[in-house]
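Colleague: This structure is in structure tokens; I'll ask about it shortly.
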Amino acid sequence: MAFEGGVKIFADNRENGAVISELERLCVIEMKNLPVGDYICSDRVVVERKSESDFASSIMDGRLFSQMKELCAYEKPILLIEKNGSNFSKIHPNAIRGALASLALDFNVPIIFSQSYIDTAGIIFQIAKREQVEDKRTLSIRPKAGITSMEKHQEFLVAGLPSVSTVLAKRMLARFRTPQKIFSASQEELQDVEGIGGEKAKKVFEMLNSEYTE
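Heads up, our numbering is the position in the sequence shown plus 5, with the first residue counted as 1.
Here's what the structure looks like:
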């Protein structure tokens with residue numbers, strides 16, 4: 006199916022089927038194992054979608070702020086909270102208000118509320134359309150936010166390896182200490198890192214040791 010404007014969005018493999026189905030009516034969707042967020046709309050915009058109950062749960066178990074910190078690897082992260090009838094009933098209203106204030110003031114993350122999965126899909130599509138059609142931005146899984154330290158440069162470099170997220174890049178650097186040692190490691194040594202199974206280790210090793218051909 007051809008779509009007006011050629012808009013394309015990367016969506017995480019674990020994302021809601023109803024939202025994906027609705028988005029597929031509007032644009033091209035490519036399902037991927039995203040390192041952060043649920044939808045990537047350009048090289049600078051990532052969207053994290055949470056239902057009201059998911060949002061409340063992430064506050065209670067402490068996941069919210071660590072997720073937002075990772076989301077801020079992108080220049081323009083967005084949190085989209087989708088209404089699902091829970092009304093934040095599991096948590097005190099002041100905890101919700103405090104979390105929203107922290108996201109806005111400490112993380113500079115815009116918060117968008119949607120009324121349904123259809124509304125969610127429409128909002129995400131409009132964001133991607135503005136980025137790709139109006140602003141001519143490219144679509145990329147790797148964020149282009151400013152990198153301010155040697156450590157961040159190293160993490161960014163290693164996270165460019167196949168199937169390696171930012172979290173996994175940090176583990177690899179903690180184990181090998183330098184990117185150079187990672188690049189020269191054997192497949193067995195790579196597999197020693199927590200989170201890298203045989204398949205990932207093989208992909209990384211083959212990419213690093215295959216001859217480049219134009």
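By construction, the Cβ of each residue, glycine as well, lies at the ideal position given by its N, Cα and C atoms.
Between Ala133 and Ile14, is the Cβ-Cβ spacing less than 8 Å?
Modeller: Translated into the one-based positions of the sequence shown, residue 133 becomes position 128. Translated into the one-based positions of the sequence shown, residue 14 becomes position 9. It is a contact, given that the beta carbons lie within the stated cut-off.
Colleague: Report the residue from Ala109, Lys37 and Lys55 whose alpha carbon sits nearest the alpha carbon of Val169.
Modeller: Sequence index remark: in the sequence shown, residue 169 carries index 164 (1-based). The candidate whose alpha carbon is nearest that of Val169 is Lys37.
Colleague: What alpha helix (DSSP H) runs, 4 residues minimum, are completely inside the segment 38 to 78?
Modeller: Here the runs fully enclosed are 57 to 65 and 68 to 76.
Colleague: Please list, in chain order, all residues of the same chain as Ala174 whose beta carbon is under 7 Å from its beta carbon, the five residues on each side excluded.
Modeller: Numbered from 1 along the sequence shown, position 169 holds the residue referred to as residue 174. The answer, listed in chain order, is Glu160, Val163 and Ala164.
Colleague: By DSSP, does Val198 sit in helix, in strand, or in coil?
Modeller: Indexing the sequence shown from 1 puts residue 198 at position 193. Val198 falls in the coil class under three-state DSSP.
Colleague: Which first and last residues belong to the alpha helix (DSSP H) in which Lys13 is found?
Modeller: The residue labelled residue 13 in the question sits at position 8 within the sequence shown. Where Lys13 is concerned, there is no enclosing alpha helix (DSSP H), although the beta strand (DSSP E) it sits in stretches over Lys13 to Asp17.
Colleague: Quick one: give me the first and last residue of the beta strand (DSSP E) that Ile117 is part of.
Modeller: If you number the sequence shown from 1, residue 117 lands on position 112. Here the beta strand (DSSP E) through Ile117 covers Ile116 to Ser119.
Colleague: Under a CB-based cut-off of 8 Å, is Val163 close to chain D?
Modeller: Of the protein chains in the structure, only one exists, and it is not chain D.
Colleague: Tell me the DSSP secondary structure of Glu216 in three-state form.
Modeller: Sequence index remark: in the sequence shown, residue 216 carries index 211 (1-based). The answer is coil: DSSP assigns Glu216 none of H, G, I, E or B.
Colleague: Classify Glu80 as helix, strand or coil using the three-state DSSP reduction.
Modeller: Counting from one through the sequence shown, the residue named residue 80 turns up at place 75. In the structure shown, Glu80 sits in coil (DSSP, three-state: anything other than H, G, I, E or B).
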